[in-house]
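The listed protein sequences derive, respectively, from chains Z and S.
FYI, my numbering numbers position 97 of the first sequence as 128, with every residue one higher than the one before it.
FYI, my numbering numbers position 186 of the second sequence as 194, with every residue one higher than the one before it.
Here a beta-carbon is modelled for each residue, glycine too, at the ideal position from N, C-alpha and C.
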Amino acid sequence: MATLQSLDIRRRSASTEAPPQIRSTIEVAKLIDVSKCIGCKACQAACLEWNDLKQEIGYFEGTYDNPTDLTPASWTVMRFTEYEHGDDLEWLIRKDGCMHCDDPGCLTACPAPGAIVQYTNGIVDFVSENCIGCGYCVKGCPFNIPRISKVDRKAYKCTLCSDRVAVGQAPACAKACPTQAIYFGSKADMIAHAENRVVDLKSRGFKNAGLYDPPGVGGTHVMYVLHHADKPSLYAGLPDDPEISPMVGLWKGVMKPISLAAIAFAGVFGFLHYITKGPNEVSEADQRKGDDLAGGKHS
Amino acid sequence: MSENNVVSRYTTAARINHWITAISLILLALSGMALFHPSLFFLTNLFGGGQMTRAIHPWIGVVLFFSFLGLFFRFFTLNLWNRDDTVWMKNLGAVINDREEGLPELGKYNAGQKLVFWGQSILILLLFASGIVLWDVYFEDYTTIDQKRLAAVVHALCAIGAILIWIVHVYAAIWIKGTLRAMTRGSVTRGWSWKHHRKWFRQEVGKP
Numbered sequence: 032m033a034t035l036q037s038l039d040i041r042r043r044s045a046s047t048e049a050p051p052q053i054r055s056t057i058e059v060a061k062l063i064d065v066s067k068c069i070g071c072k073a074c075q076a077a078c079l080e081w082n083d084l085k086q087e088i089g090y091f092e093g094t095y096d097n098p099t100d101l102t103p104a105s106w107t108v109m110r111f112t113e114y115e116h117g118d119d120l121e122w123l124i125r126k127d128g129c130m131h132c133d134d135p136g137c138l139t140a141c142p143a144p145g146a147i148v149q150y151t152n153g154i155v156d157f158v159s160e161n162c163i164g165c166g167y168c169v170k171g172c173p174f175n176i177p178r179i180s181k182v183d184r185k186a187y188k189c190t191l192c193s194d195r196v197a198v199g200q201a202p203a204c205a206k207a208c209p210t211q212a213i214y215f216g217s218k219a220d221m222i223a224h225a226e227n228r229v230v231d232l233k234s235r236g237f238k239n240a241g242l243y244d245p246p247g248v249g250g251t252h253v254m255y256v257l258h259h260a261d262k263p264s265l266y267a268g269l270p271d272d273p274e275i276s277p278m279v280g281l282w283k284g285v286m287k288p289i290s291l292a293a294i295a296f297a298g299v300f301g302f303l304h305y306i307t308k309g310p311n312e313v314s315e316a317d318q319r320k321g322d323d324l325a326g327g328k329h330s
Numbered sequence: 009m010s011e012n013n014v015v016s017r018y019t020t021a022a023r024i025n026h027w028i029t030a031i032s033l034i035l036l037a038l039s040g041m042a043l044f045h046p047s048l049f050f051l052t053n054l055f056g057g058g059q060m061t062r063a064i065h066p067w068i069g070v071v072l073f074f075s076f077l078g079l080f081f082r083f084f085t086l087n088l089w090n091r092d093d094t095v096w097m098k099n100l101g102a103v104i105n106d107r108e109e110g111l112p113e114l115g116k117y118n119a120g121q122k123l124v125f126w127g128q129s130i131l132i133l134l135l136f137a138s139g140i141v142l143w144d145v146y147f148e149d150y151t152t153i154d155q156k157r158l159a160a161v162v163h164a165l166c167a168i169g170a171i172l173i174w175i176v177h178v179y180a181a182i183w184i185k186g187t188l189r190a191m192t193r194g195s196v197t198r199g200w201s202w203k204h205h206r207k208w209f210r211q212e213v214g215k216p
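What follows is the structure in structure tokens.
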């Protein structure tokens, strides 16, 4: 995606300049109601179509997951889990893809200025022309979402259809979903809607139903309604309590200024040493003693 | 001064080996710092842009690793620690104030040089290993994301360590006059040898 003039930027990777902030935009969110998903993959098809992507035909791996993982061309994938408990079997189907974290690990990790941006509406977008293909976003992401293309060595993931949202449209997947398991709107509206759904699910016996909007990443702009919100990892390994890895925090946090300060200090120390102590020179006496030892004539 | 008044310190092969190491280390520091700190991203322009920097950096790393390996095997026996080195280190304060008179006579390397040697040996090994983990183009599928995160931290820490050691190494060569010609011409003066590496000098002239 290129940056969109009609969307203001809140944060820009590897940049210290503050982007323009005069407009106030509402935050958007996509709400995926896992309890209403029938696993038809219309969202996957709509994603490929709108974004003009073509997933290479793969192989049957013994599951309904197709493709079996996110790829540079498949920015969303339905993950199917058979959850057995007691005599019950539940088929948990989760539409995986970028969660559009409010505190995005990918953006924190990215070393290329402007290769990852977060719009004021909360969407996290990759700006391919600035991407250098280092793969740091993959290390920064707590959800294992970005994929680096083997073709152009650039990172790809769901854009939350930022180009559609910029002109007042809902994302393609939400538009295509036949059971309205995918909603799109302001984050506040989506939370309110999720609350109604949770009440409904609880009345049907899912006493741990709840909204997945993990606070460890500042909340997300893609949220799930889960029947088992106490155990998110049931849903094909959705992280129970995602956060930016402490290692990434160290690497992209305190290490940067401390390292540069250490290097600057070493340079300044050397400079001060030289101008206070002067050069370490060989005296004429040393030269004579050296010549004597070598047994040659004095130079 | 005619050439027979100097002491040969390095063979041409050793000097070429060192120059390759030196140049690749500087290029690695520049390209690595460019990707480490956003304020230094402009350094990618020296390498033809961000993508080129990302692509070239690991290859320069391979050159450095094998080049340094050459230096390692050339010089590691000369860098083994001995009792005089401990004495020298305890008198580091006197050394940096250019008052070395009372200190033991030194072989080819002093304790500071030995620490540079062993420090860079360990750091370059760690940089190479962690660098392979981060080299997604060829090795993406061999490690987990958590291992890659650890590798990123190790790589950055070791790189800063190696750059700091490099600064000490280069500064010592600037401060101690007569040293740099060992790198540019392979020889040093008799006076320099007497002052800084007298034991080695005695061995060289066959008068221990």
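Practice task
Give a yes or no on whether the C-beta atoms belonging to residue 173 of chain Z and residue 263 of chain Z are separated by under 8 angstroms.
Solution key: no
Practice task
Note the first and the last residue of the continuous beta strand (DSSP E) segment covering residue 126 of chain Z.
Solution key: Where residue 126 of chain Z is concerned, the enclosing beta strand (DSSP E) stretches over 119–128.
Exercise for the section: Give a yes or no on whether the minimum CB-CB distance between residue 312 of chain Z and chain S is below 8 angstroms. Expected result: It does: the Cβ of residue 312 of chain Z has a partner Cβ on chain S nearer than 8 angstroms.
Handout entry: Close beta carbons around residue 160 of chain S, own chain, < 8 angstroms, minus the five adjacent residues each side
Key = 138, 142
Practice task
Determine, using beta-carbon pairs with one atom in the region 110–124 of chain S and one in the region 82–100 of chain S, whether at least three such pairs fall under 8 angstroms.
Solution key: Yes, since at least three Cβ pairs between the region 110–124 of chain S and the region 82–100 of chain S fall closer than 8 angstroms, the two stretches touch.
Problem - Chain-order list of residues whose beta-carbon lies under 8 angstroms from that of residue 87 of chain S (same chain, five-residue window excluded) - result: 117, 121, 122, 125, 126
Exercise for the section: With 8 angstroms as the threshold, decide whether the Cβ of residue 58 of chain S is near any Cβ in chain Z. Expected result: Chain Z contact via Cβ: present.
Exercise for the section: Determine the contact status of residue 186 of chain S and residue 200 of chain S, defining contact as a CB-CB distance below 8 angstroms. Expected result: yes
Exercise for the section: Could you say which of S:144, S:167, S:113, S:145 lies nearest to residue 135 of chain S if we only look at CA atoms? Expected result: Selected option, being the one with the closest Cα: S:167.
Handout entry: Proximal chain Z residues relative to residue 149 of chain S, where beta-carbon distance stays under 9 angstroms
Key = In chain order: nothing, as chain Z lies at least about 11 angstroms away.
Handout entry: residue 145 of chain Z vs residue 46 of chain Z beta-carbon contact at 8 angstroms
Key = yes
Problem - Secondary structure of residue 45 of chain S, DSSP reduced to three states - result: coil
Practice task
For residue 163 of chain Z, decide whether its Cβ has a neighbour in chain S, counting only Cβ atoms nearer than 8 angstroms.
Solution key: yes
Practice task
Output, in sequence order along the chain, the residues in the region 35–55 of chain Z whose CB is closer than 9 angstroms to any CB in chain S.
Solution key: Cβ contacts with chain S come from 44, 45, 46, 47.
Handout entry: Interface partners of residue 49 of chain S on chain Z, CB under 8 angstroms
Key = Simply 45, 142, 143, 144.
Exercise for the section: For chain S, find out if any of its Cβ atoms is closer than 8 angstroms to the Cβ of residue 180 of chain Z; answer yes or no. Expected result: The C-beta of residue 180 of chain Z comes no closer than 8 angstroms to any C-beta of chain S.
Handout entry: chain Z contact for residue 186 of chain S (CB, 8 angstroms cutoff)
Key = yes
Exercise for the section: Report the residues of the region 15–36 of chain S with a CB closer than 9 angstroms to any CB of chain Z, ordered along the chain. Expected result: Cβ contacts with chain Z come from 15.
Handout entry: Interface flag, residue 107 of chain S vs chain Z, CB-CB below 8 angstroms
Key = no
Handout entry: Cross-chain neighbours of residue 294 of chain Z in chain S, by beta carbon under 8 angstroms
Key = 168, 171, 172, 175
Practice task
Measure from the C-beta of residue 210 of chain S to each C-beta in chain Z and report whether the shortest distance is under 8 angstroms.
Solution key: yes
Handout entry: For residue 211 of chain S, the three-state DSSP class (helix, strand or coil)
Key = Helix at residue 211 of chain S.
Exercise for the section: Could you tell me whether the Cβ of residue 45 of chain S comes closer than 8 angstroms to any Cβ of chain Z? Expected result: yes
Problem - Chain-order list of residues whose beta-carbon lies under 7 angstroms from that of residue 17 of chain S (same chain, five-residue window excluded) - result: Scanning its chain for C-beta atoms nearer than 7 angstroms, with the 5 sequence neighbours on each side dropped, one finds around residue 17 of chain S the residues 190, 194, 195, 196, in chain order.
Exercise for the section: Could you tell me whether the Cβ of residue 93 of chain S comes closer than 8 angstroms to any Cβ of chain Z? Expected result: no
Practice task
Tell me where the beta strand (DSSP E) around residue 345 of chain Z begins and ends.
Solution key: Here chain Z comprises residues numbered 32 to 330, so residue 345 of chain Z is not present and cannot be evaluated.
Problem - Beta-carbon proximity of residue 39 of chain Z to residue 151 of chain Z, cut-off 8 angstroms - result: yes
Problem - Inter-stretch contact (C-beta, 8 angstroms, three-pair minimum) for the region 246–262 of chain Z and the region 55–65 of chain Z - result: yes
Exercise for the section: Take the Cβ of residue 198 of chain S as the centre, count every other Cβ of all protein chains shown within 10 Å, and call the residue buried at 16 or more, exposed below. Expected result: buried
Handout entry: residue 76 of chain Z, buried or exposed, once every other Cβ within 10 Å from all chains shown has been counted against 16
Key = exposed
Practice task
Could you confirm whether any beta carbon from chain S is found closer than 8 angstroms to the beta carbon of residue 233 of chain Z?
Solution key: Put simply, the CB of residue 233 of chain Z is far from chain S, with every gap to its CB atoms at 8 angstroms or more.
Practice task
Inspect the beta-carbon positions of residue 55 of chain S and residue 39 of chain S and report whether they are closer than 8 angstroms.
Solution key: Between residue 55 of chain S and residue 39 of chain S, the C-beta spacing is below 8 angstroms.
Handout entry: is_contact[residue 305 of chain Z, chain S] using C-beta, thresh 8 angstroms
Key = yes
Practice task
Pull up the CB-CB distance for residue 92 of chain S and residue 112 of chain S, whole angstroms please, since I reckon it's below 8 angstroms.
Solution key: 4 angstroms
Handout entry: Between the CA atoms of residue 219 of chain Z and residue 210 of chain Z - distance to the nearest angstrom
Key = 22 angstroms
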